[in-house]
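Engineer: Let me give you the structure first, and then I'll get to my questions.
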Amino acid sequence: MRLRELWLYGFKSFGRKTGVRFAPGITAIVGPNGSGKSNLIDAVRFVLGEANARALRGSRLEDLVFSGSAARRGLGYAEVTLVLDNRDGFFSLPYEEISVTRRILRNGESAAWINGSPVRLKDLSTLFLDTGLGQGAFAIVGQGEVDALIAERPEARRTAFEELAGIRRFRERKREAEADLAEVEANLTRVRDLLTALE
Ligand code: ATP
1 MRLRELWLYG FKSFGRKTGV RFAPGITAIV GPNGSGKSNL IDAVRFVLGE ANARALRGSR
61 LEDLVFSGSA ARRGLGYAEV TLVLDNRDGF FSLPYEEISV TRRILRNGES AAWINGSPVR
121 LKDLSTLFLD TGLGQGAFAI VGQGEVDALI AERPEARRTA FEELAGIRRF RERKREAEAD
181 LAEVEANLTR VRDLLTALE
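In terms of the working numbering, the sequence shown has 107 at position 107, counting the first letter as 1, and numbering is strictly consecutive.
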């Protein structure tokens, strides 16, 4: 899976339709302060289903809509599309390319599409759940998050690394399996006691 394209219209400082095509390898986005570099990352988080405006550096989701500049009037909605290469079947959808779009209107209403078909917002989050791209995953490391990680207690830091390495859910499953095993063992002990009583 690879991010191929990011398209923005009316999202934060992007009042004009803007597209970024990502070539294979590493992409660095450079520009003066306030030119919109972080807004691009906010746009990616937005499509991944982020529901908390503060995580997108706004106080309300409606603040994400382009509010105008000296040269352009504000717009009525913000829309972001991610185009993902799915030739490796990373997402369990029968498409080699997946385009995911999320739109938010100035009145707070929102809409979403996967490959052009309307879906619920929840379907976006579900698509990315357990892929390492979902909310709370570490595919995106924000400014200040590295410092925060270094300042964490060792146990919290370990949890973050486990999440990052994708082993946290296995630890969770192991804990559940151990609880089931303990219950089975308790049942077995009870059966053995009954058998002894019957003999
Ligand atoms: P730095 O290098 O300082 O971190 P940056 O390139 O990451 O800067 P961003 O934080 O992405 O810059 O962009 C900030 C700009 O986006 C500000 O000029 C701000 O006015 C503009 N902006 C944010 N939300 C909106 C909006 N809804 N409408 C218009 N402009 C917006």
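Even for Gly, the Cβ is constructed at its ideal location relative to N, Cα and C.
With a CB to CB cut of under 6 Å and the five nearest residues on each side skipped, what residues in its chain are close to Val100?
Structural biologist: Excluding positions up to five away in sequence, the list reads Val47, Leu82, Ile114.
Engineer: Please find out if some non-hydrogen atom of ligand 1 comes closer than 7 Å to the beta-carbon of Lys12.
Structural biologist: Yes - ligand 1 has a heavy atom lying nearer than 7 Å to the Cβ of Lys12.
Engineer: Measure the Cβ-Cβ separation of Glu163 and Phe128 and say whether it is below 8 Å.
Structural biologist: Contact: no.
Engineer: Excluding sequence positions up to five away, which residues of its chain have a Cβ less than 8 Å from the Cβ of Arg4?
Structural biologist: Closer than 8 Å at Cβ, skipping near neighbours: Arg21, Phe22, Val83, Leu84, Asp85, Glu97.
Engineer: Nearest chain D C-beta to Asp147 closer than 8 Å, yes or no?
Structural biologist: Included in the structure is just one protein chain, with no chain D present.
Engineer: Report, in whole angstroms, the separation of the C-beta atoms of Leu133 and Val80, which I expect to be a contact under 8 Å.
Structural biologist: Not a contact, Cβ separation roughly 15 Å.
Engineer: Rounded to a whole number of angstroms, what is the C-alpha to C-alpha distance between Asp63 and Lys12?
Structural biologist: Rounded to whole angstroms, Asp63 to Lys12 spans 8 Å at the Cα level.
Engineer: Identify the continuous beta strand (DSSP E) that holds Leu84 and give its terminal residues.
Structural biologist: Leu84 -> beta strand (DSSP E) spans 77-85.
Engineer: Under 8 Å, do Gly76 and Leu105 count as touching if we go by C-beta distance?
Structural biologist: Result yes, Cβ atoms of Gly76 and Leu105 sit closer than 8 Å.
Engineer: Below 8 Å CB to CB, which residues in the same chain sit around Ser110 once its five sequence neighbours on both sides are set aside?
Structural biologist: So the list reads Leu61, Arg102, Arg103, Ile104, Leu121, once near-sequence residues are dropped.
Engineer: Taking Cβ positions, are Leu53 and Ser59 nearer each other than 8 Å?
Structural biologist: It should be noted that the sequence gives Ala, not Leu, for residue 53. Cβ atoms of Ala53 and Ser59: closer than 8 Å.
Engineer: Could you tell me how far apart the beta carbons of Gly10 and Ala78 are, in whole angstroms, since I believe they sit closer than 8 Å?
Structural biologist: Indeed they touch by this definition, with Cβ atoms about 4 Å apart.
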